[in-house]
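Trainee: Chain order of the listed sequences is U and G.
Position 601 of the first sequence, counted from 1, bears residue number 601 in my numbering, the numbering being contiguous throughout.
Position 50 of the second sequence, counted from 1, bears residue number 711 in my numbering, the numbering being contiguous throughout.
Cβ coordinates follow ideal geometry from the N, Cα and C atoms, glycine included.
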Amino acid sequence: MPRTGVFICHCGSNIAGTVDIDKTVEASRNFPGVVHADEYRYLCSEMGQDIITKAIKENDLDRVVVGTCSPRMHENTFRKAAAEAGLNPYLLEVANIREHCSWVHKDMEEATPKAIALLRAAAAKAALNEALEAPRLDVEKRALVIGGGIAGIQAALDIAEAGYVVDIVEKDPSIGGRMAQLEKTFPTLDCSACILTPKMVEAAQHPNINLLTYSEVDEVKGFVGQFDVKIKQKARYVDPVKCTGCGICWEKCPSKASSEFEMGLAKRKSIYVPFAQAVPMVPVIDRDSCLYFRKGRCQICEQECPPQAIDYEQQDEIIERRYGAIVVATGFDQLDPTIYGEYGYGQHPDILTGLEFERIFNASGPTGGKVVKLSDGKPPKKVVFIQCIGSRDKARGMNYCSKICCMYTAKQAILLKEKVPDAKSYVFYIDVRTGGKGYEEFQRRAAEEYDVAYMRGQVGKIFPEDDHLVVRGIDSLTNRNIEIKADMVVLAAATVARADAPEVGRLVGINSDSYHFFNEAHPKLKPVETHTAGIFIAGACQAPKDIPETVSQASAAAVKAIGLLSKEKLQGEACTAEVIQSECSGCLNCEAICPYTAITPVEIEERYKDGVLKRTVAEVNPALCQGCGSCAVTCRSGSINLKGFSNDQIMAEVDAICLQR
Amino acid sequence: MTTGTGKSRLIEDMKMNSGQDPNGCYQCGKCSAACPVSAALDLKPHQVLRYLQMGLEDELAESKTPWVCASCFTCAARCPRDIDLARVMEGLRLSILRNRGGNKFGPAELTPEQLEKLPQQALVSGFRKYNK
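1. With 16 other CB atoms within 10 Å as the buried threshold, where does THR68 (chain U) fall?
2. If the cut is a Cβ gap below 8 Å, which residues of chain U does GLY716 (chain G) touch?
3. Rounding to the nearest angstrom, what Cα-Cα distance links GLN542 (chain U) and CYS625 (chain U) in this structure?
4. Which same chain residues, not among the five before or five after ARG661 (chain U), have their C-beta less than 8 Å away from its C-beta?
5. Comparing the C-beta of ARG742 (chain G) with each C-beta of chain U, is any distance below 8 Å?
6. Determine, using beta carbons only, whether ALA722 (chain G) and PHE734 (chain G) come nearer to each other than 8 Å.
7. Alpha carbon to alpha carbon, what distance is there between ARG636 (chain U) and GLU170 (chain U)?
8. Cα separation between ALA632 (chain U) and ILE650 (chain U)?
9. Within the 8 Å Cβ cut-off, does GLY690 (chain G) reach chain U?
10. Residue ranges of each beta strand (DSSP E) run of no fewer than 3 residues wholly in the stretch 204 to 238 of chain U, ordered along the chain?
11. Going straight from the alpha carbon of ALA690 (chain G) to that of ILE339 (chain U), what length do you get?
12. At the level of alpha carbons, what is the spacing between MET662 (chain G) and MET715 (chain G)?
13. Within 8 Å (strictly less), CB to CB, does GLN708 (chain G) reach chain U?
14. Could you please give the first and the last residue of the uninterrupted beta strand (DSSP E) stretch that includes TYR323 (chain U)?
15. Relative to chain G, which residues along the stretch 388 to 401 of chain U have a C-beta separation below 8 Å, given in chain order?
16. Measuring alpha carbon to alpha carbon, tell me which of U:ASP172, U:CYS401, U:GLN308, U:VAL34 ends up nearest THR213 (chain U).
17. Evaluate contact between the stretch 469 to 476 of chain U and the stretch 356 to 363 of chain U, counting only Cβ atoms and requiring at least three cross-stretch pairs below 8 Å.
18. For the alpha helix (DSSP H) containing HIS707 (chain G), name the first residue and the last one.
19. Can you pull the chain G neighbours of VAL465 (chain U), defined as C-beta to C-beta under 8 Å?
20. Below 7 Å CB to CB, which residues in the same chain sit around ASN362 (chain U) once its five sequence neighbours on both sides are set aside?
21. Identify which residue in U:ASP487, U:CYS298, U:ALA656, U:ALA561 has its Cα closest to the Cα of ARG287 (chain U).
22. Alpha carbon to alpha carbon, how far is LYS199 (chain U) from HIS531 (chain U)? Give it in angstroms, no decimals.
23. Are the C-beta atoms of ILE339 (chain U) and some chain G residue less than 8 Å apart?
24. If contacts are defined as beta-carbon pairs under 8 Å, then ALA501 (chain U) and SER512 (chain U) qualify, I think. What distance do you get, rounded to the angstrom?
25. Applying the criterion that 16 or more other CB atoms from any shown protein chain within 10 Å of the CB defines a buried residue, is GLY438 (chain U) buried or exposed?
26. Report the rounded CA-to-CA distance for VAL229 (chain U) versus THR197 (chain U), giving the unit in angstroms.
27. To which residues of the same chain is ARG41 (chain U) closer than 6 Å at the C-beta, ignoring the five residues directly before and after it?
28. Taking only beta-carbon positions, decide if LYS705 (chain G) is within less than 8 Å of chain U.
29. On a Cα-Cα basis, can you pick out the residue from U:ILE300, U:GLU568, U:ASN481 that is closest to SER699 (chain G)?
30. For the stretch 459 to 489 of chain U, which residues have a beta carbon sitting closer than 7 Å to at least one beta carbon of chain G?
31. Please check if any C-beta of chain G sits within less than 8 Å of the C-beta of GLY457 (chain U).
32. Between ILE351 (chain U) and chain B, is any beta-carbon pair separated by less than 8 Å?
33. Could you tell me whether the Cβ atoms of ALA55 (chain U) and HIS74 (chain U) are closer together than 8 Å?
34. So which residues on chain G does GLU342 (chain U) lean against when the C-beta distance must stay under 8 Å?
Pasting the structure below:
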């Protein structure tokens, strides 16, 4: 018979307000095997832990049951307290009488017997608990960063500076991401490229950073400390070792395609680098538009290339590597406003999105930095900015606020005034949201010093008339309908998750919210962790955010990754599955269902009558097993036990609850 | 100016008639920007919703807006908050008419059980019409 001690926590009034503690303690004394029962106001406090430690020693307890909050909160606290008294920590059992009882009930008459039932079940299970040891696992001292935008670059630089090797996987031909597309940054009006490109170069030159551009993650297996990742490096058709980035190939290339980097506002060649400061400065050939790949002739780039770096025979390559930690920083897309017929986006060249207008300002952009209308090349005199296109819109768009539009609109209105001094800007807004250092001041400068007319209201219709666009809106502060004959309209289209975010999430094994933004493990206290140990998130793939916030989050994710990589060994899972091989029929359903590839078939020999019989059974690799229990419930003969949650233990709990009634 | 206090029968009737909740509106004004008869309205559509939120029953009852509304549904099609303003207007018209006669009671005062047992709307309307 075990010697069990039961300890019940008041949790202030969280538990004691709904559960009669005295009655619960009294009832606990009568459970089988219980030799000691006590209660305390806050069991998780140092005093509370002392009570447990002392009681174990004084009463020679060999099992402990605590009736407290969820084991997710304080199981570790109490396990350590038990270990302090020399008890194996896995001999302690938590009965969750707060989240599972006091918080969900109002009536003490009903909650008290339920708390007693939960404690009785925990005591019955504890009696069958066994001492367990957690395995110690290796950590691969290498990190993977998925996404080479500012978030990925920052995270990689921080990890590399701490002395660990980092690989950045970027699906585009160059790192840089969205920030490379921007003209200036709010609220200081630094040139975006001027502050980004030094970081891009630093990342490229850092001895600890490997850039895998034009590459995608193909498969992620394994677990924290030992992720086995397959990366597909797409064929560039250019040998990066030979290529000098001289640019003759893309100068001579006769075929063109729409430029992704210029948001489709300009053409690029079929052999191209996305932008002038691309890192690495090695072009790629776009097979879909290349004359040679389409029609089998041309080969001008090959003939013209001085170092003969063109290689049409190049194949996609799969790189297999092991990583200790992964940072996901895959960024965002802009919502396509064609769903709003009333704005006429896509039907007129002077109706642009915010990101497209950004390119119009840029010296290397489609207009060479001249702020002009794409329709006739003349500078716009009246520009209407419309906020919340698809943001805060539960009918046709996204329910959330995209956070950056208020600020970048103020910035673009200021830049416009500087480039075209006689231009007038109008901003239709619902609310102006400027939370951030220096943000409110910046937006007020636009309104007060740059003569930007802020109109509180929305636009109901835009249509072309003669050589301008008629914008019909309302100013809800005067309740007047307003009609503006504009030269250009800029739509602040919502920030949305990348189209391939669901696929990336599935591949890496992290979950996302209903908008496909990746979920942090805790909205306040674990902002860069995910529910999968060893995988961290940074930047706009988690939610819309601006550059300062993205960089902070990237550094935070890097610190978490560094903390992980700096460990000699990781404590593995003690509660792993175990096959009772004498009972196993070898059907291997468990092997098929195991998400961690921890189960493999083995051949064993058994004595049978006078001879020896060979047969195949399942075996669990405890280093790979994460204790999810899928195999245990799949096993048809019930011959897999999850340590700490064995079939006998679960049945003992059920019996203890049922017997009470 | 006063704000409405407590539950307004007119507004509660409107909510029941239309199935729309004016509290969902954040006053972006897109309905008013799109409304083709906006110029002829004494209260713009977004103002109607604001008055509903503030419980300004008398002002709504006196407004011409519900009667000028052409029921073209442009407002409902544009609303980013999924509020069907055309239904709100129709609900208002019904509620204003029904409350004109000084009814002894309205749907807002009845329990759901009582409401279930009430005869069809047409019957009630007929009863109102010929009971003068």
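Mentor: From the atom records:
1. buried
2. Those within 8 Å of GLY716 (chain G) in chain U number zero; the least Cβ separation is about 19 Å.
3. 29 Å
4. Its pLDDT being 48, under 50, ARG661 (chain U) is placed unreliably in this model, and the coordinates cannot settle the point.
5. yes
6. no
7. 45 Å
8. 12 Å
9. yes
10. 209 to 212, 215 to 223, 226 to 233
11. It is Gly, not Ala, that sits at residue 690 (chain G) in the sequence shown. When rounded, the distance between both Cα atoms is 19 Å.
12. The predicted model places MET662 (chain G) with a pLDDT of 43, which falls under 50 and marks its position as unreliable; any figure quoted below should be read in that light. Whole-angstrom Cα-Cα distance: 11 Å.
13. yes
14. 317 to 323
15. CYS388, ARG392, ASP393, LYS394, ALA395, ARG396, GLY397
16. U:ASP172
17. no
18. 706 to 715
19. For clarity, residue 465 (chain U) is Glu in the given sequence; the question names Val instead. Those within 8 Å of GLU465 (chain U) in chain G number zero; the least Cβ separation is about 17 Å.
20. GLU183, GLY369
21. U:CYS298
22. 30 Å
23. no
24. 6 Å
25. exposed
26. 29 Å
27. HIS10
28. yes
29. U:ASN481
30. VAL459, GLY460, LYS461, ARG472, GLY473, ILE474, SER476, ASN479, ASN481
31. yes
32. In the structure shown, chain B cannot be found, because the protein chains are U and G.
33. no
34. ALA695, ARG739
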